[in-house]
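Enquirer:
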Amino acid sequence: MNQLLRKPALLAADQGLAIPPTRRGAGPLAALGLAIRLAWRQLKADRARLATAIAGVMFACVLVFMQLGFKGALFDSATNMLAAMRADLFLMHPMTQASFRPERLPRIRAWQALADPDVAHAVPIYLEQATLRNPATGTRRSAQVIGFDASAGAVAFTGLPPLIEALQRPDTLAFDARSRPEFGPVGRLFRDHGPYHLQLGRRDFELVGLVEIGPSFGADGNVVMSETNFRRVFARPPGMADLVALRLTPGADATAVQARLRALLPADVVVLTHAELVRGERAYWENGTPIGFIFLFGSIMGLVVGMVIVYQILFADIAGHLSEYATLKAMGYSNAYLSRVVLGAAVILAVIGFIPGLGLAVFLYDFVAKATFLPLHMPPDRALSVFLMIFAMCFTAGLLAMRKLRDANPADMF
Amino acid sequence: MAQTCPVELHNVTFAYGEGELRRTVLRDVALRIEAGEIVLLTGPSGSGKTTLLTLIGALRAMQQGEARILGQELAAAREAERVALRSRIGFIFQSHNLLGFLTARQNVAMALELQGGLNEAERLARAAEMLSAVGLADHIDKLPAKLSGGQRQRVAVARALVAEPGLILADEPTAALDRASGQEVVHLLRDLARRQGTPILLVTHDPRILDIADRIVAMEDGRITQTPSPSA
């Protein structure tokens, strides 16, 4: 330090060189750090403008989060039934696009799958829609009926295990407690009075218990019953099932079994893991319907509005400091350096706008989920992808605003 | 290198506009400034002084003629070379043009950030030292808005000198100041530049500051009309 303080030529009478050697520039990383620091100092100098910018980014952030949240919640609920079926592997007809409209597959494939030593149970599942009578008002509404042999334990709906025995009796069913309220107070009556009779189609059933599945796009509510009872209601060719759930022996490698079954079974079935089954259903609703587009459009609008706000702020900052920017150019700062200052400001706004935006979105998710029973939650990959979108939004705004730097001409300063 | 003089111009001609609107502002200008020399450039408005200053400062691309500034040929210089040259020149403008959101010391330190080899603490120490040299030791952490006009211009002088430039270019540095502050600023500038051995080219209309010059160059209508030999 002492040496430094003594060194400057202005204090010593050091007049050796008329022309100092060309200067070595700062390292690229150090220069970037300095540019970002300058950007931050400039941003924080005008608190009101900074607050506006943060609010703009937050607004875009929350809007995108809500759109993606609603979209995710709708698609999650669309796959409720299959997601609740937690078995190890599934057999499905290759032409089945969505579970509400299944293509039937030969039931014999289930028994063929048992040939693999690692397959412990194979349970055919039967799906039909039927109307269920509201016990309070007597009106009818269409419900998804799921028939299978529950005793094998291959299909693990929440709440099912204690009901397995009761469901084996003739004319019994279990009702999905998460069904939409239009079916009437089915669950409340059961909890208050115990088993009672419900009419499904033209037939009386005894309600023996409640399970938890959740409504889907295809069905407002679900009813679970045994295979035998299912066959009493619906006249169907006995050799055909809609889906087959496979339970593997403990410790078996699901992907290896999946590969062996693919080789073993003919081409009229596909072998899917639980995740693949749910993903396929979700893809149908995402790609086969305009729902995904509607939310995409909403997200894009949010990003465009946010970008315009950030652009305006950055542009005003440059326009208001043109002579200072021109002075920096005269001092030897390159256009590229000043561009990094502007982009640095954009990136700072992205970060400090995203953090409160994320917080607010988490709060709103919780609030809306409680009010609407939609499954709204914040998976980390959504937070990351929205951050990348906000980052890109601010970066683009920075690139657009940067053009204004060309107006800072050091030759006009004199 | 040491023998080359900092500013050498030959046959410099410059015009604005195109076609019928073309207006020549510099005609065959030749100028030499020796190491450590303080040159005042005077002349009526529109005589081309400012254009000459912007060419020497590498703020504009050359059109015709030859110019060698601090060893850099300007005639065919690329933009990047001109930007690099500017970092070796100290500029002082009519208005101070300090960054309003930085303190006096941070403003001065900005001139040091372009060079490697100094860390933040060293930059701030140098800037503080330079501000003391212009008599602002008590004001280093003030924002420009809290300083008087004369003080701001002294900060601008400190900023121009702190990186030990090879040349100082000043354009009417006293125009916005009262007589006393103006005198103070130019004398500071002269004394500090003398100690660093830095040549100064200063454009002015202000007759009160002619006494600081080693040599006065007058311009009229794009030509240098009078170049008395250095009085030293």
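Protein sequences, first through last, are from chains Y and Z.
Heads up, the first sequence stops at 525 in our numbering, and the numbers go up one at a time, no gaps.
Heads up, the second sequence stops at 1024 in our numbering, and the numbers go up one at a time, no gaps.
The beta carbon of each residue, even a glycine, is placed where N, CA and C say it ideally should be.
All values derive from a computational prediction rather than experimental measurement.
Which residues in chain Z have a C-beta closer than 8 Å to the C-beta of THR384/Y? List them in chain order.
Expert: Within chain Z, no residue comes near THR384/Y; the closest Cβ sits about 56 Å away, beyond 8 Å.
Enquirer: Go ahead and pull the three-state DSSP assignment for ASP287/Y.
Expert: If DSSP states are grouped into helix, strand and coil, ASP287/Y belongs with the strands.
Enquirer: Three-state secondary structure (DSSP) at VAL368/Y?
Expert: The answer is helix: DSSP assigns VAL368/Y an H, G or I state.
Enquirer: Show which residues of chain Z have a CB atom less than 9 Å away from the CB atom of LEU433/Y.
Expert: Per Cβ cutoff of 9 Å: no residues; LEU433/Y is ~10 Å from chain Z at best.
Enquirer: Relative to chain Y, which residues along the segment 959-993 of chain Z have a C-beta separation below 7 Å, given in chain order?
Expert: Result list: ASP963, LEU984, ARG987, GLN988 and GLY989.
Enquirer: Under 7 Å Cβ to Cβ from ALA233/Y, same chain only, skipping five residues before and after it: list those, please.
Expert: Within the same chain, ALA233/Y has close Cβ partners ALA221, TRP222, ALA224, LEU225, VAL355 and LEU357.
Enquirer: I need the DSSP call for THR133/Y, collapsed to helix, strand or coil.
Expert: Its pLDDT being 46, under 50, THR133/Y is placed unreliably in this model, and the value from its coordinates should be taken loosely. In this structure, THR133/Y counts as coil in the three-state DSSP scheme.
Enquirer: When the Cα of LEU823/Z is compared with those of CYS797/Z, ARG897/Z and GLN864/Z, which residue comes out closest?
Expert: For the residues CYS797/Z, ARG897/Z and GLN864/Z, the minimum Cα distance to LEU823/Z belongs to CYS797/Z.
Enquirer: Would the beta-carbon of LEU818/Z fall within 8 Å of that of GLY840/Z?
Expert: Cβ distance < 8 Å, so LEU818/Z and GLY840/Z count as in contact.
Enquirer: Which residues mark the beginning and the end of the beta strand (DSSP E) in which HIS385/Y is found?
Expert: It is not in any beta strand (DSSP E) - HIS385/Y instead sits in the alpha helix (DSSP H) that spans 385-399.
Enquirer: List, in order along the chain, the chain Y residues whose C-beta lies closer than 7 Å to that of VAL875/Z?
Expert: GLY443 and SER445, listed in chain order.
Enquirer: For ALA522/Y, would you say it is in contact with chain Z, using Cβ-to-Cβ distances shorter than 8 Å as the test?
Expert: Output row for ALA522/Y: interface = yes.
Enquirer: For THR895/Z, count neighbouring Cβ atoms within 10 angstroms of its own Cβ and tell me buried if that reaches 16, exposed if not.
Expert: Burial call: buried.
Enquirer: Tell me whether the beta-carbon of ARG944/Z lies closer than 8 Å to the beta-carbon of LEU916/Z.
Expert: Not a contact, by the Cβ cut-off of 8 Å.
Enquirer: Grab the span of the alpha helix (DSSP H) containing TYR436/Y for me, first residue to last.
Expert: Per DSSP, TYR436/Y belongs to the alpha helix (DSSP H) from 433-441.
Enquirer: Please check the pair LEU959/Z and VAL799/Z, which I expect to be a contact at CB under 8 Å, by giving their CB distance rounded to whole angstroms.
Expert: At roughly 7 Å, the Cβ-Cβ gap stays under 8 Å, so LEU959/Z and VAL799/Z are in contact.
Enquirer: Nearest to VAL949/Z by alpha carbon, out of ALA919/Z, LEU981/Z, ARG918/Z and GLU826/Z?
Expert: When each option's Cα is compared against that of VAL949/Z, the closest is LEU981/Z.
Enquirer: In the DSSP assignment, what residue or residues form a beta bridge with GLN864/Z?
Expert: Paired residue(s): ILE861/Z.
Enquirer: What's the C-alpha gap between ALA872/Z and ARG390/Y?
Expert: The alpha-carbon atoms of ALA872/Z and ARG390/Y are separated by roughly 54 Å.
Enquirer: Between the segment 891-911 of chain Z and chain Y, which residues of the former have a C-beta closer than 8 Å to a C-beta of the latter?
Expert: Within the segment 891-911 of chain Z, the qualifying residues are LEU891, GLY892, PHE893, LEU894, GLN898, MET902, ALA903, GLU905, LEU906, GLN907, GLY908 and GLY909.
Enquirer: With DSSP as the reference, label HIS204/Y as helix, strand or coil.
Expert: HIS204/Y falls in the coil class under three-state DSSP.
Enquirer: Relative to the alpha-carbon of ASN245/Y, which residue among ARG215/Y, GLU214/Y, PRO296/Y and ASP199/Y has its alpha-carbon at the smallest distance?
Expert: Looking at the Cα atoms, PRO296/Y is the closest of the given residues.
Enquirer: Are the segment 145-162 of chain Y and the segment 405-414 of chain Y touching by the rule of at least three beta carbon pairs closer than 8 Å?
Expert: Segments in contact, no.
Enquirer: Specify, as a first and last residue, the run of the beta strand (DSSP E) that ASP820/Z falls within.
Expert: Residues 815-825.
Enquirer: Which residues in chain Y sit within 9 Å of PHE883/Z, going by Cβ to Cβ distance?
Expert: What PHE883/Z touches in chain Y: THR438, ALA441, MET442, PRO521, MET524 and PHE525.
Enquirer: For the beta strand (DSSP E) holding ARG347/Y, just list the boundary residues, first then last.
Expert: ARG347/Y -> no beta strand (DSSP E), and no H or E assigned at all.
Enquirer: Going along chain Z, which residues have a C-beta under 7 Å from LEU145/Y?
Expert: Here the neighbours are GLU905.
Enquirer: Give me the chain Y residues within the contact set of GLY878/Z, using Cβ-Cβ distance strictly less than 9 Å, ordered along the chain.
Expert: According to the sequence provided, residue 878/Z is Arg. The question's Gly does not apply to it. Simply LYS440, ALA441, MET442, GLY443, TYR444 and PRO521.
Enquirer: Hey, does GLY849/Z have any beta-carbon neighbour from chain Y nearer than 8 Å?
Expert: Yes - at least one Cβ of chain Y is within 8 Å of the one on GLY849/Z.
Enquirer: Please confirm whether ARG852/Z has its beta-carbon closer than 8 Å to some beta-carbon of chain Y.
Expert: Answer yes: the Cβ-Cβ gap between ARG852/Z and chain Y drops below 8 Å somewhere.
Enquirer: Starting from the N-terminal side, write out each stretch of the beta strand (DSSP E) that is 3 residues or longer and does not extend beyond the segment 184-228 of chain Y.
Expert: Counting whole runs of 3 or more residues, the segment 184-228 of chain Y contains the beta strand (DSSP E) stretches 200-203.
Enquirer: To the nearest angstrom, how far is the alpha carbon of ARG1000/Z from that of CYS505/Y?
Expert: Cα to Cα, the separation comes out at about 52 Å.
Enquirer: Would the beta-carbon of ASN340/Y fall within 8 Å of that of GLY249/Y?
Expert: Not in contact: ASN340/Y and GLY249/Y (Cβ atoms no closer than 8 Å).
Enquirer: Check whether the Cβ atoms of LEU311/Y and LEU238/Y sit closer than 8 Å, and answer yes or no.
Expert: No. Outside cutoff.
Enquirer: Between the Cα of TYR436/Y and the Cα atoms of PHE893/Z, PRO965/Z and HIS802/Z, which residue gives the shortest distance?
Expert: Minimum Cα distance to TYR436/Y is reached at PHE893/Z.
Enquirer: Mapping DSSP to helix, strand and coil, what is GLY107/Y?
Expert: What the structure shows of chain Y is the stretch from 112 to 525, and residue 107/Y is not part of that stretch, so it cannot be assessed.
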